[in-house]
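Residue numbers (the numbering used here): 1 to 503. One structure is given below, encoded as structure tokens.
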């Protein structure tokens, strides 16, 4: 077994996590710290880019200290990050220009509506695999250039850098020497042609973004550069060797390396990704086509992605809004207190519906209530809604790709809920498996870095390290499965359009 560890930086939306993985893929050390969320106006969400760097360095130091691992034992660094969040900084000084605009920020909604009205939707989807939405980086960058006097001219002179959070961290860790991103993060900017694998001139002209400010796009697994000793604890230079957006990193960490393999990460919302191999499958089902990763000199691989807006946050609503539970884990026992849903359904359209429905006017619905309905039925309906939404996305993926799912790999907070996981298997009609290490996002970036520095030899070696914790097998008959799913769709149709103004 090789000595040392790979350090993985998992830079999320609310905080930074650092995990240290040994050659067996086991966690040897960890640390986490939150950073400040800024909400200057309704619909605006910002982060202080310098605070992100400071917090990241703090958790690296804490993980090393508490684990007893020396910085010189780090064989490589992998980075995974909240996607789409946009940072601008001065190339010469390394200082950020204003705050980072976070992926959740909706300030460019009106501009996105204009782009759609001008008929750009099909062109954008064909080139980027994405939909026109404030979610993605491109319109955020345009907004910053439009609203900071003189900034666009400075950017055109090469004085200003744009990057997603991975780019910003690499720039800082290398002492300003590297301005790069990887394929997976570039594919989320609304500026990158995922088939030609280059920044797209037509899109740059459409958004009036100078090419000179864009990072160099590199594979997701490669030695990009080394840490600056002044920045990194005065130690030897450590290779930075892996980068991937958080959901693509989770797909890699789940060892979904073959076409048709899929994972679901259950968080506040859920992200379902299916590996489609070297084919960028266009979606007719309102899914996203995205780059999964590029490993070294190997061909780039793609994925279909479906974003479910509300899963874990529905449980938070039970706790904080309805005050029906005191802790999320109570939902499992409450749901177990009733044998089945008894026709009670919950449509968690608390902020509209995401893929594949995409209805911003849908609103939450709890239906089927009778005098005999208990807290258990409501808790079960909330958990089951996560599984129904996942099936909606997976069926859309199957129609787009022509691939029938054989197994779903699950991770994230709700993957420890046995009631949910069993029902997920029941309603899909396939096995649902949960790995022994559920920190798959950080594990994925560690694997990408480890491959580049020779810490692991191949994806085959990594795939053998994937270890099962629990396997759930379908327990209900096909007829019952389809009846439940049909009733779910009836409830969804009732929830759609509710927030539209009456004529």
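Yeah, the Cβ is synthetic: ideal placement off N, Cα and C, and Gly gets one too.
Provide the residue span of the alpha helix (DSSP H) that contains residue 183, from first to last.
Counting from 1 along the chain shown, the entry for residue 183 is found at position 183. That run of the alpha helix (DSSP H) goes 183-186.
Give me the Cα-Cα distance between residue 504 and residue 391, rounded to the nearest whole angstrom.
With the chain covering only 1 through 503, there is no way to say anything about residue 504.
Residue 65 in three-state terms, based on DSSP:
What you label residue 65 is simply residue 65 of the chain shown in a count that begins at 1. Residue 65 sits in a helix when the DSSP states are folded into three classes.
With DSSP as the reference, identify every bridge partner of residue 162, one or two as the case may be.
For this step, residue 162 is matched to residue 162 along the chain shown. In DSSP, residue 162 forms a bridge with 88.
Sort 473, 476 and 443 by Cα distance to residue 462 and report the nearest one.
Taking the chain shown and counting its residues from 1, the one referred to as residue 462 is at position 462. Nearest option by C-alpha distance: 443.
Let me make sure I understand the geometry here. Which of 352, 303 and 455 has the alpha-carbon closest to that of residue 500?
Position 500 of the chain shown, counted from the start, is the residue given in the question as residue 500. Minimum Cα distance to residue 500 is reached at 352.
Please list, in chain order, all residues of the same chain as residue 211 whose beta carbon is under 7 angstroms from its beta carbon, the five residues on each side excluded.
As a first step, residue 211 must be located in the chain shown, where it is residue number 211. For residue 211, where only same-chain residues beyond five positions count, the Cβ hits under 7 angstroms are 199 and 204.
At what residues does the alpha helix (DSSP H) containing residue 126 begin and finish?
Here the question's residue 126 lines up with position 126 in the chain shown. Where residue 126 is concerned, the enclosing alpha helix (DSSP H) stretches over 121-128.
Measuring CB to CB, does residue 408 end up less than 9 angstroms from residue 264?
Walking along the chain shown from the start, residue 408 turns up at place 408. Walking along the chain shown from the start, residue 264 turns up at place 264. Taking 9 angstroms as the Cβ cut-off, residue 408 and residue 264 qualify as a contacting pair.
Is it buried or exposed, residue 39, if we count other Cβ atoms within 10 angstroms and call 16 or more buried?
Within the chain shown, numbered from 1, the residue matching residue 39 stands at position 39. Classification for residue 39: exposed.
Alpha-carbon to alpha-carbon, residue 306 and residue 377
Here residue 377 is taken as the residue at index 377 of the chain shown, counted from 1. Here residue 306 is taken as the residue at index 306 of the chain shown, counted from 1. Rounded to whole angstroms, residue 377 to residue 306 spans 28 angstroms at the Cα level.
Looking at the structure shown, is residue 198 part of a helix, part of a strand, or coil, going by DSSP?
Your numbering for residue 198 matches position 198 in the chain shown. Strand, per DSSP.
Cβ atoms of residue 243 and residue 257: under 9 angstroms apart, would you say?
Here residue 257 corresponds to residue number 257 of the chain shown, with the count starting at 1. Here residue 243 corresponds to residue number 243 of the chain shown, with the count starting at 1. Taking 9 angstroms as the Cβ cut-off, residue 257 and residue 243 do not qualify as a contacting pair.
What residues match up with residue 27 in a beta bridge as DSSP calls it?
Numbered from 1 along the chain shown, position 27 holds the residue referred to as residue 27. DSSP lists 21 as partners of residue 27.
Only counting the same chain, and skipping five residues up and downstream in sequence, which positions put a Cβ closer than 7 angstroms to that of residue 82?
Residue numbering aside, residue 82 sits at position 82 when the chain shown is read from its first letter. The answer, listed in chain order, is 11, 12, 13, 103, 165 and 246.
The stretch 116-129 touching the stretch 141-160, judged by at least three CB pairs closer than 8 angstroms
Not touching, per the Cβ criterion.
Own chain residues within Cβ distance below 8 angstroms of residue 324, not counting five before or after:
Working through the chain shown from its first residue, we reach residue 324 at position 324. Sequence-distant partners of residue 324 (beyond 5 residues in either direction) whose C-beta falls short of 8 angstroms from its own C-beta, in its chain, are 318, 375, 378 and 379.
In terms of alpha-carbon separation, which member of 275, 229, 27 and 196 lies closest to residue 288?
Within the chain shown, residue 288 is the residue found at index 288, counting from 1. Answer by Cα proximity: 275.
Compute the minimum distance between the beta carbon of residue 328 and the heavy atoms of the ligand SAM, and state whether it is under 8 angstroms.
This structure lacks the ligand SAM, and indeed carries no ligand of any kind.
Compare the C-alpha of residue 62 against each of 112, 96, 101 and 7 and name the closest.
Locating residue 62 in the chain shown gives position 62, where the first residue counts as 1. Comparing Cα positions, the closest option is 7.
Output needed for residue 440: all residues of its chain with C-beta closer than 7 angstroms, excluding positions within five of it in sequence on either side, in chain order.
In the chain shown, residue 440 corresponds to position 440, counting from 1. Same-chain partners within the cutoff: 250, 253, 254 and 411.
Give me the Cα-Cα distance between residue 119 and residue 143, rounded to the nearest whole angstrom.
Numbered from its first residue, the chain shown carries residue 119 at position 119. Numbered from its first residue, the chain shown carries residue 143 at position 143. For residue 119 and residue 143, the distance between alpha carbons rounds to 20 angstroms.
Of all the options 445, 356 and 417, which has the alpha carbon lying nearest to the alpha carbon of residue 526?
Residue 526 cannot be examined here, being either before or after the span of the chain that is shown, 1 to 503.
Supposed close pair residue 347, residue 492 - CB separation, criterion 8 angstroms:
Taking the first residue of the chain shown as 1, we reach residue 347 at position 347. Taking the first residue of the chain shown as 1, we reach residue 492 at position 492. With 8 angstroms as the limit, residue 347 and residue 492 qualify as a contact, their Cβ atoms being about 6 angstroms apart.
Look at residue 131 and residue 189 and say whether their C-beta atoms are less than 9 angstroms apart.
On the chain shown, position 131 is the one that residue 131 refers to. On the chain shown, position 189 is the one that residue 189 refers to. Contact flag unset, no.
Excluding the five sequence neighbours on either side, which residues of its own chain have a C-beta within less than 7 angstroms of the C-beta of residue 36, listed in chain order?
Within the chain shown, numbered from 1, the residue matching residue 36 stands at position 36. So the qualifying residues of the chain are 48 and 51.
Within 9 angstroms, strictly: CB atoms of residue 311 and residue 269
As a working mapping, residue 311 is identified with position 311 in the chain shown. As a working mapping, residue 269 is identified with position 269 in the chain shown. Yes. Within cutoff.
Quickly, what does DSSP pair residue 357 with across the bridge? List them, please.
One-based indexing of the chain shown puts residue 357 at position 357. Per DSSP, none; premise fails for residue 357.
Range of the contiguous beta strand (DSSP E) that encloses residue 324:
In the chain shown, the residue the question calls residue 324 occupies position 324. Premise fails: residue 324 is in no beta strand (DSSP E) and is neither H nor E.
Give the straight-line distance between the Cα atoms of residue 504 and residue 301, rounded to the nearest whole angstrom.
Because the chain in this structure spans residues 1 to 503, residue 504 falls outside the shown range and cannot be described.
What residues are listed by DSSP as bridge partners for residue 293?
For the purposes of this step, residue 293 is taken as residue 293 along the chain shown, with counting starting at 1. BP columns for residue 293 point to 301.
Alpha carbon to alpha carbon, what distance is there between residue 173 and residue 59?
For the purposes of this step, residue 59 is taken as the residue at position 59 of the chain shown. For the purposes of this step, residue 173 is taken as the residue at position 173 of the chain shown. About 14 angstroms.
Continuous beta strand (DSSP E) stretch holding residue 409: start and end
Here residue 409 is taken as the residue at index 409 of the chain shown, counted from 1. Boundaries of the beta strand (DSSP E) around residue 409: 407-412.
Can you find the residues in the same chain that come closer than 6 angstroms, C-beta to C-beta, to residue 394, ignoring five residues on each side of it along the sequence?
Against the chain shown, residue 394 aligns to sequence position 394. Once the five neighbours on either side are set aside, the close Cβ partners of residue 394 are 405.
Are the stretch 425-438 and the stretch 466-483 touching by the rule of at least three beta carbon pairs closer than 8 angstroms?
The stretch 425-438 makes contact with the stretch 466-483, as at least three CB pairs between them are under 8 angstroms.
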